[in-house]
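Written out below as structure tokens is the structure these notes cover.
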Amino acid sequence: MASTDIKQLERYFAALRRFPKRKRGLCIGDSWFQYPLRSYPDLQRRIASPNEFGSRINFVDDSYPGRDADEVQGLIKRWMRVAWTMREDFKPFDLFLLSLGGNDVVGLDFIRHLSSGTGHDSGHWPWSDTTPAIVRRWIKLSDLRRTFDGIVYAYGLIIAMRDELAPQATIITHTYADVTPMNVGYQFLTFRSGPWIWKPASDKGIAPAEQKEIVRWLLASFCNMLLAVKKNTTRFVVLDSRLDLPDPVEWDNEIHPRGTGFRSLVERHWRPAIEAAIA
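So for the sequence shown, this note's numbering puts the first residue at 23; every next one is plus one.
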């Protein structure tokens, strides 16, 4: 269930009435925008804080951990309904901030794309000039392509919503950062999740160095896919942050940064991109 409940919408529309001259932003994301039960802010909370843009932009956050691209269609229907129901108070957004597709590629869905490792997938892959032999051995490219096609479709739906509700708004999304497969998952008290890459890959017998090569290729393909989406629209910004967090100390677990990592990404990428968009 998304985080945009009635109370949050009430707060957002109250802020519109109280601060009518502020810019308006809709955040659509996953756990990088809503990282639960940690004392430090994730990307979205840091961006929306008063020290960043919270005093200049009225934000509403529609993010939750584990979001997949195939859930975007329901999100679109929900926001179109909100825009119609609140049409007398609704104002076009100036920004759409997105964190979308990571779970489909290197999160919970990673295991779905692993093969038995006994063959060699010679299928065409449109989002990379080269496909390493280790990828063709361990990744089911036809299944992965369907996943990527689904991500492209989800971004297309969001672009179409932007064009209808707020045609002058800028969409900003990101590539995440290159992760290092490791035996460290998310934990809070007795709740555990992951590791999402290391465990299924290790169970298959994939060596750590090979896991890292596969993941780097996956995120490079993801970046190329976003850049291809960008070519077919306008006011669509892709933040390539893949190389920004090479130090394991900046990671809370296999696929989520610590507070220092989130802060670094905001300072290097999100802050200047948002400043340019609202200038």
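By construction, the Cβ of each residue, glycine as well, lies at the ideal position given by its N, Cα and C atoms. The structure presented is a predicted model; accordingly, all values stated were derived computationally and were not measured.
Taking the C-beta atoms as reference points, Thr-197 is found no nearer than 9 angstroms to Arg-103. In the assembly as shown, Gln-66 is a buried residue. Its beta-carbon has 16 or more other beta-carbons within 10 Å.
Following the DSSP letters along the chain, one finds Gln-209 inside the beta strand (DSSP E) bounded by residues 208 to 210.
Among the bridge pairs identified by DSSP, Ser-85 is matched with Gly-51. Contact annotation, Thr-195 with Leu-130: C-beta distance approximately 20 angstroms; criterion of less than 8 angstroms not satisfied. Considering only Leu-117, Val-206, Asp-52, Pro-114, the residue with the shortest C-alpha distance to Asp-274 is Val-206. Per DSSP, Pro-217 has no beta-bridge partner at all. Burial state of Asn-125 is buried, judged by a 10 Å Cβ sphere holding 16 or more other Cβ atoms. With contact defined as three or more Cβ pairs closer than 8 angstroms, the segment 56 to 63 and the segment 26 to 44 are not in contact. In this structure the segment 180 to 196 touches the segment 109 to 117; the number of beta carbon pairs closer than 8 angstroms is three or more. If you draw a straight line from the Cα of Gly-51 to the Cα of Val-82, it comes to about 11 angstroms. Residue burial annotation: Leu-166 is buried, with at least 16 other C-beta atoms found within 10 angstroms of its C-beta. In the DSSP assignment, Thr-195 is bridged to Val-260. When rounded, the separation of the alpha-carbon atoms in Gly-123 and Asp-200 is 14 angstroms. Going by DSSP, Leu-59 is part of no beta strand (DSSP E) at all; its letter is neither H nor E. Counting the other CB atoms within 10 Å of its CB gives Ile-228 a total of 16 or more, which places it among the buried residues.
With contacts defined by Cβ atoms closer than 9 angstroms, Ala-155 and His-146 do not form a contacting pair. Listed in chain order, the alpha helix (DSSP H) elements of length 4 or more contained wholly in the segment 265 to 298 are 281 to 287. The Cβ atoms of Ser-121 and Trp-54 lie closer than 9 angstroms to each other. Straight-line spacing of the CA atoms in Ser-150 and Leu-240 works out to 9 angstroms.
Rounded to the nearest angstrom, the gap between the Cα atoms of Arg-159 and Leu-136 is 9 angstroms. Its Cα nearest to that of Ile-236, the residue Val-128 stands out among Leu-97, Val-128, Arg-214. Per DSSP, reduced to three states, the secondary structure at Ile-161 is strand.
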